[in-house]
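What follows is a single structure, written as structure tokens, with notes after it.
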Amino acid sequence: MQNLIEDLDILGSTVEHTEEVKTTQDSHKGNKRKLYIESYGCQMNFSDSEIVASILQGEGYDTTADITQADLVFLNTCSIREKAEQTVRFRLNHINGFKKKKPELIVGVLGCMAERLKTKLLEEEKIVDLVAGPDSYRDLPHLISKVDEGAKAVNTFLSKEETYADISPIRLNSNGVTAFISIMRGCDNMCAFCVVPFTRGRERSRNPHSIIKEAEDLFAKGYREVTLLGQNVDSYKWSQEENNKARLEKKEISSVVNFAGLLEMVALVHPDLRVRFSTSHPKDITNEVLHTMARHENICKNIHLPIQSGSSRVLELMNRGYSREWYLDRVKNIRQILGEDCGITSDMIAGFCTETEEDHRETLSIMDEVKYDYSFMFYYSERPGTLAAKKYPDDISLETKKRRLDEIIKKQSEISRFRYGQDTNKIHKVLIEGTSKRSEDFLQGRNTANKVVIFPKENKSKGEYVNVLVERSTQGTLFGKMVN
Ligand code: SAH
Ligand code: SF4
Ligand code: F3S
Numbered sequence: 033m034q035n036l037i038e039d040l041d042i043l044g045s046t047v048e049h050t051e052e053v054k055t056t057q058d059s060h061k062g063n064k065r066k067l068y069i070e071s072y073g074c075q076m077n078f079s080d081s082e083i084v085a086s087i088l089q090g091e092g093y094d095t096t097a098d099i100t101q102a103d104l105v106f107l108n109t110c111s112i113r114e115k116a117e118q119t120v121r122f123r124l125n126h127i128n129g130f131k132k133k134k135p136e137l138i139v140g141v142l143g144c145m146a147e148r149l150k151t152k153l154l155e156e157e158k159i160v161d162l163v164a165g166p167d168s169y170r171d172l173p174h175l176i177s178k179v180d181e182g183a184k185a186v187n188t189f190l191s192k193e194e195t196y197a198d199i200s201p202i203r204l205n206s207n208g209v210t211a212f213i214s215i216m217r218g219c220d221n222m223c224a225f226c227v228v229p230f231t232r233g234r235e236r237s238r239n240p241h242s243i244i245k246e247a248e249d250l251f252a253k254g255y256r257e258v259t260l261l262g263q264n265v266d267s268y269k270w271s272q273e274e275n276n277k278a279r280l281e282k283k284e285i286s287s288v289v290n291f292a293g294l295l296e297m298v299a300l301v302h303p304d305l306r307v308r309f310s311t312s313h314p315k316d317i318t319n320e321v322l323h324t325m326a327r328h329e330n331i332c333k334n335i336h337l338p339i340q341s342g343s344s345r346v347l348e349l350m351n352r353g354y355s356r357e358w359y360l361d362r363v364k365n366i367r368q369i370l371g372e373d374c375g376i377t378s379d380m381i382a383g384f385c386t387e388t389e390e391d392h393r394e395t396l397s398i399m400d401e402v403k404y405d406y407s408f409m410f411y412y413s414e415r416p417g418t419l420a421a422k423k424y425p426d427d428i429s430l431e432t433k434k435r436r437l438d439e440i441i442k443k444q445s446e447i448s449r450f451r452y453g454q455d456t457n458k459i460h461k462v463l464i465e466g467t468s469k470r471s472e473d474f475l476q477g478r479n480t481a482n483k484v485v486i487f488p489k490e491n492k493s494k495g496e497y498v499n500v501l502v503e504r505s506t507q508g509t510l511f512g513k514m515v516n
């Protein structure tokens with residue numbers, strides 16, 4: 033899944049998924065107790081923090097952006113690479129300083145690291161009072177009351193049904209224009225390197241009615257873009273039979289909804305509501321989805337299609353379920369159905385178990401063939417309990433992993449410069465997200481391919497669509513001026 037990149041220099045940042053930290057904004061509902069929440073990892077975690085804030089608001093908690101005002105500090109954590117977990121441990125150490133000054137402060141660890149380590153976290157990090165996995169957030173009020181009574185509290189039960197469909201998220205750190213909608217949870221793929229199936233449990237899809245309602249509500253509040261989130265959106269599947277608890281309303285809905293169907297339903301909410309989605313899996317993305325994208329102008333023309341490795345041999349070891357040839361054929365279909373301007377972005381892992389120089393060169397060469405607009409690039413980090421940790425030795429030296437990663441980053445920079453360059457001297461429809469971070473006199477938004485566009489402010493403001501003639505580009509940003 034793509035992460036939250038808001039700034040301009042996307043490339044070269046190899047640990048974006050773990051380094052990006054978001055904290056809560058203030059919400060003042062006159063409640064007495066204050067929740068401070070920090071989120072790490074992928075968009076799914078950021079989206080979950082909004083559910084947590086909503087559940088706790090019902091229990092008398094307002095959110096605060098000031099940790100010194102907090103009665104409750106939550107870290108919503110990520111386990112995807114070792115470094116992600118180290119960051120959290122470091123942060124807990126820091127929070128210890130606040131707890132010393134305010135012993136009644138409750139410290140909770142939520143999310144993937146909570147799920148992976150369970151009670152071990154309580155043993156290893158003495159400061160932690162509460163551990164809650166991704167499917168146990170409805171239990172938070174009860175867990176907090178246990179801590180209030182002086183006990184430590186843990187719930188890492190993984191559910192086969194929980195989708196939090198009925199909970200209306202409190203939008204944290206919102207620009208008021210773009211929002212995430214979680215459409216499914218968990219993952220049933222078993223990519224050999226990946227910890228997500230263990231931390232997030234079985235895949236389950238959310239009732240489409242609740243998704244449409246959330247999109248409609250967001251539009252009514254002035255939002256103009258939604259991103260549908262799932263670890264593998266192409267396997268979204270909802271049926272009355274599979275989810276007999278969900279009551280169908282009067283609206284016409286076929287009994288089975290697949291991802292293409294859902295995408296179309298969300299696109300029809302309003303032509304001015306842009307729709308994005310992440311992540312697509314190369315083995316599952318269908319032409320039906322591509323044709324649905326082509327039919328609706330408001331479905332953004334950008335596909336995050338992580339390749340991971342360009343070598344079919346390594347892909348097989350990774351258990352990704354596709355080969356280099358299959359992947360290139362999917363890209364051919366994307367280009368045929370959606371054209372050359374459709375953004376294609378990726379994730380790559382350098383130095384997976386047994387990767388040879390030849391395998392590595394195949395990753396570099398597939399990057400040249402596909403010409404990704406941008407990528408998130410990592411070196412392999414072995415995760416306990418995964419297929420790879422059990423079956424293959426982590427046999428590539430750190431030095432080689434880092435060198436290969438550097439080569440991948442350098443290659444991506446060249447390609448991004450080329451791809452962003454291709455956007456110059458063309459007019460782009462841009463949804464304004466706010467003022468540019470670098471200057472109050474400029475606005476910032478994105479084009480359909482998810483590229484950041486900066487242009488002089490004039491009399492426009494966020495949430496509006498404008499046409500921008502792009503005059504200049506870098507490897508991560510387009511610059512231009514508004515035209516009619
Ligand atoms: N569901 C998404 C991936 C979510 S994790 C998908 O299938 O694309 C985001 C990215 O982190 C992955 O695409 C992968 O590139 C990277 N990643 C996952 N596990 C990793 C590991 N053990 N070491 C290094 N990178 C990893
Ligand atoms: Fe991990 Fe693979 Fe699932 Fe993505 S599809 S979350 S990489 S197991
Ligand atoms: Fe996301 Fe990290 Fe969990 S990438 S699903 S928060 S392990």
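The sequence shown begins at 33 in the numbering used here and counts up by one. Even for Gly, the Cβ is constructed at its ideal location relative to N, Cα and C.
Asked                                                                                                                                                                                       : Found
Less than 7 angstroms separating the Cβ of Arg415 from some heavy atom of the ligand SAH?                                                                                                   : yes
Could you tell me which whole beta strand (DSSP E) segments of length 3 or greater appear in the stretch 266-345?                                                                           : 269-271, 288-290, 306-310, 334-336
According to DSSP, simplified to helix, strand and coil, what is Leu204?                                                                                                                    : coil
Examine the ligand SAH and report whether any of its heavy atoms sits within less than 7 angstroms of the Cβ of Asp249.                                                                     : no
Note the first and the last residue of the continuous beta strand (DSSP E) segment covering Asn108.                                                                                         : 104-109
Counting beta carbon pairs with one atom in the stretch 342-357 and one in the stretch 374-392, are three or more of them shorter than 8 angstroms?                                         : yes
Below 8 angstroms on the Cβ atoms is my contact criterion, and I expect Tyr406 with Gln444 to pass it. Report the Cβ-Cβ distance as a whole number of Å.                                    : 7 angstroms
Per DSSP, which residues does Asn499 bridge with? Please list them.                                                                                                                         : Lys461, Val515
According to DSSP, is Ser242 part of a helix, a strand, or is it coil?                                                                                                                      : helix
Taking the straight line between their C-alpha atoms, what separation do you get for Asp161 and Pro416?                                                                                     : 24 angstroms
State the start and end residues of the unbroken beta strand (DSSP E) segment that holds Ala382.                                                                                            : 375-382
Which residue from Glu446, Tyr497, Lys469 puts its Cα closest to that of Gln507?                                                                                                            : Glu446
Could you round the C-beta distance between Ile69 and Asn125 to whole angstroms and report it? I think they count as a contact, below 8 angstroms.                                          : The pair is not a contact, with the Cβ atoms about 18 angstroms apart (cut-off 8 angstroms).
Please list, following the chain, all residues that have a C-beta closer than 6 angstroms to any non-hydrogen atom of the ligand F3S.                                                       : His49, Gly73, Cys74, Met76, Asn77, Cys110, Ser111, Ile112, Gly143, Cys144, Val227, Val228, Thr231, Arg232
With Asn290 and Tyr255 assumed to form a contact (beta carbons below 8 angstroms), what rounded beta-carbon distance in angstroms separates them?                                           : The Cβ separation is near 25 angstroms, so there is no contact.
Beta strand (DSSP E) containing Asn187: first to last residue?                                                                                                                              : 185-187
For Met216, write down the residues that DSSP places opposite it in a beta bridge.                                                                                                          : Ser237
Note down the Cα distance separating His257 from Gly208, rounded to an integer number of angstroms.                                                                                         : Before going further, note that residue 257 is Glu rather than His in the sequence given. So the two alpha carbons sit approximately 10 angstroms from each other.
Going by DSSP in three states, Pro173 sits in which element: helix, strand or coil?                                                                                                         : helix
Inspect the beta-carbon positions of Glu147 and Gly165 and report whether they are closer than 8 angstroms.                                                                                 : yes
Ser471: buried (16+ other C-beta within 10 angstroms of its C-beta) or exposed?                                                                                                             : exposed
Report, in whole angstroms, the separation of the C-beta atoms of Lys333 and Met325, which I expect to be a contact under 8 angstroms.                                                      : 7 angstroms
Taking the beta carbon of Asn276 as the centre, do at least 16 other beta carbons fall within 10 Å, making it buried, or is it exposed?                                                     : With a pLDDT of only 49 at Asn276, under the threshold of 50, the placement of this residue in the model should not be trusted, and no figure is reported.
Kindly indicate which residue of Ala292, Asn351, Asn330 has the alpha-carbon position closest to the one of His323.                                                                         : Ala292
Let me check understanding here. Comparing Cα to Cα, which of Arg451, Ile243, Trp270 lies closest to Thr259?                                                                                : Ile243
Quick check: the Cα distance between Ile199 and Leu396, rounded to an integer number of angstroms?                                                                                          : 44 angstroms
Is the closest heavy atom of the ligand SF4 to the C-beta of Cys385 under 7 angstroms?                                                                                                      : no
Between Ile428 and Phe410, is the Cβ-Cβ spacing less than 8 angstroms?                                                                                                                      : no
Only counting the same chain, and skipping five residues up and downstream in sequence, which positions put a Cβ closer than 7 angstroms to that of Arg449?                                 : Gln507
Are the CB atoms of Leu510 and Tyr424 nearer to each other than 8 angstroms?                                                                                                                : no
Need the endpoints of the beta strand (DSSP E) that Gln476 sits in, please.                                                                                                                 : 474-478
Indicate, with yes or no, if the ligand SAH has a heavy atom lying under 7 angstroms from the CB of Pro338.                                                                                 : yes
Might you give, ordered along the chain, the residues of its own chain that have their beta carbon closer than 7 angstroms to the beta carbon of Leu40, omitting 5 neighbours on each side? : Interpretation of Leu40 is limited by its pLDDT of 28, a score under 50 that renders its predicted location unreliable; the figure taken from the coordinates is listed afterwards. Closer than 7 angstroms at the Cβ level, and outside the excluded window around Leu40, lie Val484, Gly508, Thr509.
Examine the Cβ distances between the stretch 460-467 and the stretch 494-507 and report whether three or more of them are shorter than 8 angstroms.                                         : yes
Of all Cβ atoms in chain D, is any one closer than 8 angstroms to the Cβ of Tyr424?                                                                                                         : Among the chains in the structure shown there is no chain D, since it carries only a single protein chain.
Along the chain, where does the beta strand (DSSP E) containing Ile69 start, and where does it finish?                                                                                      : 65-71
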